[in-house]
Amino acid sequence: MARQAYAGIRCDGGPIGFWVYIMASDRNGTLYIGQTDDLGARVAEHRTGLRPGFTRQYGCKTLVWAEWHETRSGAFMRERRLKEWRRSWKVLLIEKDNPTWADRLDHYLT
Numbered sequence: 008m009a010r011q012a013y014a015g016i017r018c019d020g021g022p023i024g025f026w027v028y029i030m031a032s033d034r035n036g037t038l039y040i041g042q043t044d045d046l047g048a049r050v051a052e053h054r055t056g057l058r059p060g061f062t063r064q065y066g067c068k069t070l071v072w073a074e075w076h077e078t079r080s081g082a083f084m085r086e087r088r089l090k091e092w093r094r095s096w097k098v099l100l101i102e103k104d105n106p107t108w109a110d111r112l113d114h115y116l117t
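Counting the sequence shown from 1 gives a position; this note's numbering is that position plus 7.
Here it is in structure tokens:
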């Protein structure tokens with residue numbers, strides 16, 4: 008899902024809102040689910056291994072799915088729900104809009 012209409016604009020010109028996203032190590036590989044208010048910067052952190060942790064350890068560098076939310080609480084609730092899902096449901100969610108598991112960062116930020 009690409010960005011929708013926004014309630015406001017940040018000082019850097021971006022929308023006020025929050026992203027829930029899934030990073031993958033490879034097609035059908037390890038998945039990481041997170042949330043952020045700056046998708047581009049957060050994906051860059053995952054790709055460069057800037058922060059130690061799960062995504063650096065397991066090589067989750069491909070953004071395969073993301074969803075924009077107007078509120079932090081909405082994004083938090085969605086993230087929590089997705090983390091409770093079975094892996095097969097997460098794979099179906101990804102493959103519904105991204106059957107090849109291609110990197111989608113440019114898609115979501117344009």
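Backbone N, C-alpha and C define an ideal beta-carbon position, used for all residues, glycine too.
Item                                                                                                                                                                            : Value
Met30 bridges to which residues according to DSSP?                                                                                                                              : Tyr39, Leu70
DSSP on Trp108, reduced to helix/strand/coil?                                                                                                                                   : coil
Label Ile23 either buried or exposed according to how many other C-beta atoms from any shown protein chain fall within 10 Å of its C-beta, with 16 as the threshold for buried. : exposed
Rounded to whole angstroms, how far is the Cβ of Cys67 from the Cβ of Ser95, which I believe are closer than 8 Å?                                                               : Contact flag wrong, Cβ pair sits at about 18 Å.
Mind checking Arg58: buried by the 16 CB within 10 Å criterion, or exposed?                                                                                                     : exposed
With DSSP collapsed to three states, give me the class of Trp96.                                                                                                                : helix
Beta-carbon within less than 8 Å of Thr43's beta-carbon, same chain only, minus the 5 sequence neighbours each way: which residues are those?                                   : Phe25, Trp26, Tyr28, Arg49
What are the boundary residues of the alpha helix (DSSP H) that Ala117 is part of?                                                                                              : Strictly speaking, residue 117 in this sequence is Thr, with Ala absent from that position. Premise fails: Thr117 is in no alpha helix (DSSP H) and is neither H nor E.
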